[in-house]
Amino acid sequence: MRAKREYRNRAETEVAVLDALVDRADDGMTIFALRAAAEVDIDELERALEALKEDDLIVVEPGASETVIKPADRVVPEVPTDDEDEQSIGDWLRDWLPF
5 MRAKREYRNR AETEVAVLDA LVDRADDGMT IFALRAAAEV DIDELERALE
55 ALKEDDLIVV EPGASETVIK PADRVVPEVP TDDEDEQSIG DWLRDWLPF
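The sequence shown begins at 5 in my numbering and counts up by one.
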C-alpha cells in the first residue's frame, strides 16, 4: 500500500519511508527495517525521518529493546470497500507522473 497522494510530493527518500511504513502501519518498523526497505544510507534515512517527524507524519514509539516507527494515521489511506471504485486512470496517472 502507498501513502496518501497528498503526502507523495516530498523527497524520494521520504516517500519511500512513508510507503514502507504504510505497508506495516499496525506493527511499525525499526530503523534497520526502514533502511532496508528504503534502500538508502543511514544519513539519508536520518534526514528523511527528521523531516517526517517535524511535519508530524510519523510516530516514534520507544520500547525497552527497540524503537518502532509508525506512520501518522492521516498518512495511511482508507482501505477501499467493495462498494468503492478502484483507482481511476486519472488518479493512477497523477500518482505515476513525477510532479
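Each residue gets a CB set at the ideal place from its N, CA and C atoms; glycine is no exception.
Rounded straight-line distance, which links the Cα of residue j to that of residue i
| i | j | result |
| --- | --- | --- |
| Phe36 | Val72 | 10 Å |
| Ala55 | Glu18 | 8 Å |
| Thr34 | Glu70 | 7 Å |
| Asp121 | Asp30 | The question about residue 121 has no answer here: the residues shown for the chain are numbered 5 through 103. |
| Val79 | Val64 | 14 Å |
| Asp23 | Trp96 | 16 Å |
| Arg12 | Val44 | 18 Å |
Per-residue DSSP class, three states only, for residue i
| i | result |
| --- | --- |
| Lys8 | coil |
| Glu65 | strand |
Start and end residues, beta strand (DSSP E) containing residue i
| i | result |
| --- | --- |
| Thr71 | Thr71 to Pro75 |
Residue i - containing alpha helix (DSSP H), residue span
| i | result |
| --- | --- |
| Asp27 | Glu16 to Asp27 |
| Gly94 | Ile93 to Trp100 |
Among the options, nearest to residue i - alpha-carbon criterion
| i | options | result |
| --- | --- | --- |
| Arg39 | Pro66, Val26 and Ala20 | Ala20 |
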